[in-house]
Structures are given as C-alpha cells and as structure tokens.
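Engineer: Take 8 as the starting number for the sequence shown in this note's numbering and just add one per residue.
Glycine residues also receive a C-beta, built at the ideal position from the N, C-alpha and C atoms.
Submitted below is the structure of interest, expressed as structure tokens.
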Amino acid sequence: MAVGAVVGLIIVVVLALLLLALSVRMVQQYQRGIVFRFGRVLDRVRQPGLQLIVPVADRMVRVSMQTTVIGVPAQGVITRDNVTLTVDAVVYYRVVDPVKALVNVRDYPAAVLQVAQTALRSVIGKADLDTLLRDRDRINAELKAVIDAPTEKPWGLLIERVEVKDVSLPEGMKRSMSRQAEAERERRARVIAADGEFQASRRLADASRTMADTPGAYQLRLLQTVVDVAAEKNSTLVMPFPVELLRFFDVVARGHRPAEPAAAPGGGPSGTPEREPVAAPTGERADGHRGQPPAR
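Take a look at the structure:
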C-alpha cells in the first residue's frame, strides 16, 4: 500500500508540474500577450510578467510593441516634370493595438512594406524634381500621411516616421544640374562685383565732391600718394606739381595767348595782294632755260 501511495503521489506531482508548465507564460517588457480561447480572442491583453492561461483551451501569442524599421527597396519613379529617377525610403512604425495587428491583417510587416512602396510611387509622381531635392521634409510628411491612413485604424499600426533615403538621378541630369549650379554661382559673382563697383563709384563721387569743396584736400591727397609710393623700395620717385601752381600757369597762359591775324579781303593773311604769274620771254622757258631758236 505504501509503495502504491508513493507512486500515486509522484504521478500527481508530475501532472501538476506539467499543467503548471503548460499554463504559465512569460511576457517580456516590450511585448503584449493576446490569448485565444478556443479560437476566440479574449478582451484582456496580458501585460509583461508571468501570466497564467488555461492549458489546452488557451493559446497565447506575443506581439512586440517596439518600433520596427523597414527599408523600402529602390523604386523607379517618373516625376511630374517627366524626370526618371530611382528613390528608396525607410519607414519607422510600431504596434499600438496588438489585437487588430493580429486579427485584421496577416503578416503586417509585409503589408506595411507593400503600402510604403505604393505610396512612394504615388507621392513622388505628383512632385517635381526641384521640390523633391529642395523640400524633402514636405515629401516625407506626405509619405507618412499616405502610409498612415490605411494602417493605423484598420491594422492598429502607427507610422512614426518616413524618410526618403536616397534619390538617384541619371548621369545626363546630373551634368545639367552641375552646369546650372555653375552658371548660378557665376551670375552671383558678377552681380556682387557689379554691386561693389557701384558702391565704390558712389563713394568716389562723394569723395570728389568733398575734395572740390576743400581745395587743400587735393594737395593732401597728393602728399599721401607720395608717401605710399615712397614706402615701396623704388629707385624712382615722382613728385607731382601742386594743383594751385598748375591752375596759375593755366590762367596765365589763357590771358596772354596771342591773337591770330585776320584774313584781309582779296589777299592773304596780311592783306597783301597775291602776285600773278609772269609770262616768260619768247624763246625762254619758264624754268629759266633757253630753248632752241625756231628753224628757218
């Protein structure tokens, strides 16, 4: 009897341990447990820790609540301005309703990937190349809104972030953009140089008006120029005349300039009548040589 009781006790203990092993489940901190009882989902979501289920009747499925990152493969897209390019992106999402993620959609990571590929082609096809390259934040926001619409409420997924990772342009388009950027920089350089010349001309005009009001400023400027030239190691030094002295010589020269003689009527400049040419004597040429006598 004692041996049979011991054997029965051992069997009971083994069965209890087996039932305990079948009924105890471990849920991690980043997971939530969904219990199916005879195929039906229980309303209560199991939180992290040790959870007990009914053996054989219940089945627990753990759903990760971590943010998942999936890469969208490169897609060939034609933009609104008919430019063919290749674009790839990355999508960040997480589960907010584990029941919907398990019941409403099968293999939700693959479903999110397909939706992201379709949305990428649709959004890029509505934008032009300049917007895609310059306003990347707006493109990312539109992608997030398009992907989040069919996945949040029906599937219990939250799209946290979508980013266009790389835009691959054709070689011809790259060369065209390079030439455009070079021409734009050259235009800016010319505008800046012209603006500098304009500002310098205005400053010089102001300086000339100031120096015209103060005649001594010319002499001071000349002396400053001499100082600047003398600072260099030159063998020749040019000393300019004072401006006042040059003006004095100019005034004197204008006051004592001799008047040109007026032309007299019927003659040359002095009124002397012009002489008429005198005919040469017979047998004598005008150049002074005697000719041969006429033949008899």
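Is R32 closer than 7 Å to P105 when the C-beta atoms are compared?
Structural biologist: Sequence index remark: in the sequence shown, residue 105 carries index 98 (1-based). Sequence index remark: in the sequence shown, residue 32 carries index 25 (1-based). No.
Engineer: In three-state DSSP terms, what is D114?
Structural biologist: Walking along the sequence shown from the start, residue 114 turns up at place 107. If DSSP states are grouped into helix, strand and coil, D114 belongs with coil.
Engineer: Taking only the alpha-carbon atoms, compute the straight-line gap between E170 and M180 and give it to the nearest angstrom.
Structural biologist: Your numbering for residue 170 matches position 163 in the sequence shown. Your numbering for residue 180 matches position 173 in the sequence shown. Whole-angstrom Cα-Cα distance: 23 Å.
Engineer: If T75 sits next to S175, beta carbons under 8 Å apart, how far is it from one beta carbon to the other, in whole angstroms?
Structural biologist: Locating residue 75 in the sequence shown gives position 68, where the first residue counts as 1. Locating residue 175 in the sequence shown gives position 168, where the first residue counts as 1. Not a contact, Cβ separation roughly 26 Å.
Engineer: Determine the DSSP secondary structure at A218, reduced to helix, strand or coil.
Structural biologist: Counting from 1 along the sequence shown, the entry for residue 218 is found at position 211. Just to set this straight, residue 218 is Met in the shown sequence, not Ala. M218 falls in the helix class under three-state DSSP.
Engineer: Go ahead and pull the three-state DSSP assignment for V61.
Structural biologist: For the purposes of this step, residue 61 is identified with residue 54 of the sequence shown, where counting begins at 1. Reduced to three states, the DSSP call for V61 is coil.
Engineer: Just the C-alpha distance for A207 and S215, rounded to the nearest angstrom, thanks.
Structural biologist: Position 200 of the sequence shown, counted from the start, is the residue given in the question as residue 207. Position 208 of the sequence shown, counted from the start, is the residue given in the question as residue 215. One alpha carbon belongs to A207, the other to S215, and they sit about 12 Å apart.
Engineer: So what does DSSP say about P105, is it helix, strand or coil?
Structural biologist: Within the sequence shown, numbered from 1, the residue matching residue 105 stands at position 98. Reduced to three states, the DSSP call for P105 is helix.
Engineer: P276: buried (16+ other C-beta within 10 angstroms of its C-beta) or exposed?
Structural biologist: The residue given as residue 276 occupies position 269 in the sequence shown. Legend: pLDDT at P276 = 44, less than 50; position of this residue unreliable, no value from coordinates given.
Engineer: With 7 Å set as the bound, which would you pick, yes or no: does the beta-carbon of G179 sit closer than that to a beta-carbon of chain B?
Structural biologist: The structure shown contains no chain B; it holds only a single protein chain.
Engineer: Please list the terminal residues of the continuous alpha helix (DSSP H) segment that includes R141.
Structural biologist: Against the sequence shown, residue 141 aligns to sequence position 134. Residues 136-141.
Engineer: Would you tell me roughly how many angstroms separate the C-alpha atoms of T217 and R209, rounded to the nearest one?
Structural biologist: Stepping through the sequence shown from its first residue, residue 217 is reached at position 210. Stepping through the sequence shown from its first residue, residue 209 is reached at position 202. Going from the Cα of T217 to the Cα of R209 covers about 12 Å.
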